[in-house]
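Below is one structure, written out as structure tokens, with a few remarks after it.
In our numbering, the protein residues as written are 1 to 64.
Here it is, written out as structure tokens:
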């Protein structure tokens, strides 16, 4: 499930069965693997590749 309140760049790559919560920001060169869980207010930017089965908690910032 991807929240309608999340901001996801059109060039990012999102795997299967990924949960992206409210107010998350996913940048242009981001790849997120299958079965990841991003709680509310997670920011992932830069040239960042996330593998499978990862969990990110609120207000964390990755790749900046």
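Note that the Cβ used here is the ideal one computed from N, Cα and C, for glycine as well. Given the structure is predicted, the values throughout are model-derived calculations rather than measurements.
Interface flag, residue i vs chain B, CB-CB below 8 Å
| i | result |
| --- | --- |
| residue 37 | In summary, chain B is missing from the structure at hand, where a single protein chain is found. |
Beta-carbon proximity list for residue i, same chain, < 6 Å, skipping 5 on both sides
| i | result |
| --- | --- |
| residue 8 | 26 |
| residue 6 | 20 and 24 |
| residue 47 | 29 |
| residue 42 | 24, 56 and 60 |
Which residues DSSP lists as bridging residue i, in chain order
| i | result |
| --- | --- |
| residue 23 | Answer by DSSP bridge pairing: none, since residue 23 is not bridged. |
| residue 7 | 25 |
| residue 30 | 48 |
| residue 56 | 38 |
| residue 16 | Partner(s): none; residue 16 has no beta bridge. |
Same chain, Cβ closer than 8 Å to residue i, five either side skipped, listed in chain order
| i | result |
| --- | --- |
| residue 35 | 15, 16, 17, 18, 52 and 53 |
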